[in-house]
Structures are given as structure tokens and as C-alpha cells.
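There are 2 protein chains.
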Amino acid sequence: MSELREIFRAIFRRHVAGVSVITFTLEGELGGLTATSVISVAAAPPTIAFAVSRHSGAGQAIKRVERVVVNFLDDGQSELAGRFASRGTPRFDVDSYHLTDAGLPVLQAASGWLAARIVARHEVADSFLVVAEVEKIWVDEDAEVRPLVYLDRHYRELAPITKET
Amino acid sequence: MSELREIFRAIFRRHVAGVSVITFTLEGELGGLTATSVISVAAAPPTIAFAVSRHSGAGQAIKRVERVVVNFLDDGQSELAGRFASRGTPRFDVDSYHLTDAGLPVLQAASGWLAARIVARHEVADSFLVVAEVEKIWVDEDAEVRPLVYLDRHYRELAPITKET
């Protein structure tokens, strides 16, 4: 069983993922976590899912908030990803975010973000599999498509396109 | 609403994803689909999730199968990804797969795969959000870590690591 778990971790270390910072407001306090598990589940209505440990501080907060923002990170924003992945560090600099009408923090650095209402929190072992319906969305369509990539415990960049497939 | 959907699609086109082929056996027939939504949800027990359209052929099959295999694709396997993403093409060449003890097809080309038992199919709009618990797993730990990457409708490669983060 423990070998199964080890290989499971190894296989996902080798699986590439996009990086986002999930932010929220709980009782007037801003919070957030770095996530590599955000997926699109359905387009109509636009719905996402992500996983979070139930026993982490972020997981405990996600249990109680109604809405989250997913801030998509670009190339060159690994410092920001690292900041929201560590415990106890100051996370929101005064000039680094703005609030939506609903009072949700949006990171200024994000070239795209979505605000979503949590519609389900499925308990899966020690995690929540959170499902959320998108209410508000923005993308800087002029920005170059250069997402931050996470693989094997490193943030990575993409090679230039060399061939159409 | 339609603008919300358009931006939603645009934002996920710009979000990078790893690529896998999900395979299964239904009534003696082999089937499969290319997926960019496979995530790790929990490690103990190892549990994954992925999304599939409920109205696709694959979605209809996933509704009925008990188990699936997730075959993780590497760099250079975009042809394989394309084959399982299109309709009606022959998908399983005789030499391209083997069967697990449970009769599930594993792609020979995969440098890692896991076989998982479906434990939940959550209906989310037009999709299933499928949750599955890993029963069997294998990874070629000697293989170079060079996963296939999907972004903005293209398969892509990663740039070499230039900097530790």
C-alpha cells in the first residue's frame, strides 16, 4: 500500500500542471493557496473543480467560504506561486490585489482570473474535491500565452512552438 | 452569459495541462479517450478525478464501466493523443497495448499508468466529474521526465530547466 502511494506521488510529479492561486475572503481576512489541480469541468454553465487537503488551513477556510477567485499565473510568476504555497508568510501586499464587487481579492499580476461560487465540496479521503460555478471572469486577451508550468517540484517554462500538431 | 462562456474557454486554452489517455473495457470492447483533466485528489488512498462530457460516446461508456486505466503520455506521443481524441478512428493496434489481470487495456507507449476503480460520478452540468481510487500503478522511473503538454490547442514541449526555483 505504501509502495502504491509512493508510485502515485512519483507519477504525478511527472505529470505537468498549470499553476493558479486560489484566493478568498473569510470573515474579513484575505486568504489564498497555490493550486495545480484546477480543471474545467463543464462549459455551460462554466464550472471548475480543484482539490485541497481538508486538514490544511486553506482547506479549513475553503470549507466555510462561499466563493473563490482562481488567479491564473504566467511565466515569471513563480515567486508569487511560492508565496501562496508557504505557510505563515505575508501574502497580500497592499498594491498586489484589488477587490471584486463581492469583496473577493483578485491578484493584479494575473493575466486571467475567474470568480466562482462553490456548489459542492465532495469529501475524498483527506481532501475536498471542490466544484464551483463561474460568475465573473476576465482575461487579458492581448497578453502572450505563457502560462507558468509545474513539474517535478520545479516551475518550468514552455519551449517555443516548433511544429503544428 | 455567452460572453462568460467564451472567456471561460479562452482562459482554459491559456492554462497548461498534462495529457493522458483514459482506457477501459466495456462488454468486451476496448475504448478510450484523450484527457487533459486528470488530477490527483488525495494520496491515501491514492485517488484521482477527471471530467468527461456526459453526452459523448466516451462519457456514455464511462457511465457504465467500473474501472479505467489512465495512461500518461510523454513528449513525442502527440499522434497517440490525437488518435484517442478523434471519433471513429481505429484506436487499438494489436501491438500497442496489453491487458491487466482485470482485463483493462494499458498502452505500451505509456511511461506510467494507473488502474483505478470508479467510486463516484458527479453530474456537473453536461459533464461527469469522475472520482476513482487507484488499485494498480506502474511508472518507468528510469524514463526521462518529459511529459506531453497541451496548451492553446497545440501539443507542446517544455524548455530545459534553466533555474532552480
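Each protein sequence line maps, in turn, to chains A and B. Take the first sequence: its letters are residues 19 to 183, numbered as in the numbering used here. Take the second sequence: its letters are residues 19 to 183, numbered as in the numbering used here. Every residue, glycine too, gets a C-beta built ideally from N, C-alpha and C.
In this structure, the alpha-carbon of Leu-98/A lies about 14 Å from that of Gly-49/A. Distances from the CA of Glu-84/A to each of Ala-134/A, Glu-159/A and Leu-147/A were compared; the closest alpha carbon is that of Ala-134/A. Taking 8 Å as the threshold, the shortest C-beta distance from Glu-175/A to chain B falls below it.
In terms of beta-carbon proximity, Asp-160/B stays away from the interface with chain A, with every pair separated by 8 Å or more.
Put simply, of Val-152/B, Gly-36/B, Lys-81/B and Ile-25/B the residue whose alpha carbon is nearest the alpha carbon of Asp-144/B is Lys-81/B.
Secondary structure note for Arg-139/A: its beta strand (DSSP E) is the uninterrupted segment 130-142.
For Glu-153/B, the closest alpha carbon among the candidates Thr-65/B, Phe-30/B, Thr-41/B and Arg-109/B is that of Thr-65/B.
Listed in chain order, the beta strand (DSSP E) runs fully inside the region 58-109 of chain B are 64-71 and 85-90, counting runs of at least 3 residues. By the rule that beta-carbons nearer than 8 Å mark a contact, Arg-135/A does not touch chain B. For Glu-21/B, the enclosing alpha helix (DSSP H) begins and ends at 20-31. Look at the region 34-53 of chain B: the residues with a C-beta under 9 Å from a C-beta of chain A are Val-34, Ala-35, Gly-36, Val-37 and Ser-38. Below the 8 Å Cβ cutoff, chain A contributes no neighbours of Gly-94/B, its closest Cβ being approximately 11 Å away.
In summary, Ala-62/B is exposed, with fewer than 16 beta-carbon neighbours lying within 10 Å of its beta-carbon over all protein chains present. Using a Cβ distance threshold of 8 Å, His-140/A and Leu-147/A count as a contacting pair. By the rule that beta-carbons nearer than 8 Å mark a contact, Thr-65/B touches chain A. Taking CB atoms only, Phe-102/B has no neighbour in chain A less than 8 Å away. With fewer than 16 other Cβ atoms inside 10 Å of its own Cβ, Ile-179/A counts as exposed. Contacts between Ser-55/A and chain B, judged by CB atoms closer than 9 Å, involve Ile-57, Ser-58, Val-59 and Ala-67 in chain order. Using a CB distance cut-off of 8 Å, Pro-123/B does not count as an interface residue toward chain A. About 11 Å separates the beta carbon of Val-39/B from that of Thr-54/B, a gap too long to meet the 8 Å contact definition.
Using a Cβ-Cβ distance cut-off of 8 Å, the region 30-38 of chain A and the region 111-120 of chain A are not in contact, since fewer than three pairs of beta carbons, one from each stretch, lie closer than that value.
The residues Val-70, Ser-71, Ser-145 and Phe-146, in chain order, have a CB closer than 8 Å to that of Gly-77/A in the same chain once the five nearest residues on each side in sequence are set aside. For Ile-155/B and Val-167/B, the gap between their C-alpha atoms comes out near 21 Å. Beyond the five residues adjoining it in sequence on each side, Gln-126/B comes within less than 8 Å, by CB distance, of Asp-113, Ser-114, Tyr-115 and His-116 in the same chain, given in chain order. Residues Phe-90, Asp-92, Val-157, Asp-158 and Ala-161 of the same chain have their beta carbon placed closer than 8 Å to that of Ser-129/B, with the five preceding and five following residues left out of the count.
Residues of the same chain with a CB within less than 8 Å of the CB of Asp-170/A, apart from the 5 flanking positions on each side, are Arg-31 and Arg-32 in chain order. Just measuring C-alpha positions, the residue of Val-142/B, Arg-174/B and Tyr-173/B sitting nearest Ala-60/A is Val-142/B. Asp-144/B has a beta carbon lying within less than 8 Å of a beta carbon in chain A.
Put simply, the backbone Cα of His-172/A is about 12 Å away from that of Val-163/B. Taking the Cα of Glu-175/B as reference, the smallest distance to any Cα among Val-86/B, Gly-94/B and Ile-57/B is reached at Gly-94/B. Counting other Cβ atoms within 10 Å of its Cβ, Ala-150/A reaches 16 or more and is therefore classed as buried. Between Phe-42/A and Ala-79/A, the C-beta spacing is below 8 Å.
According to the DSSP secondary-structure assignment, Ala-53/B is paired through a beta bridge with Ser-38/B. In this structure Ala-177/B does not touch Ala-138/A by the C-beta definition: roughly 37 Å separates them, more than the 8 Å allowed. Annotation: Asp-119/B has no Cβ neighbours in chain A at a cutoff of 8 Å; minimum Cβ distance is about 15 Å.
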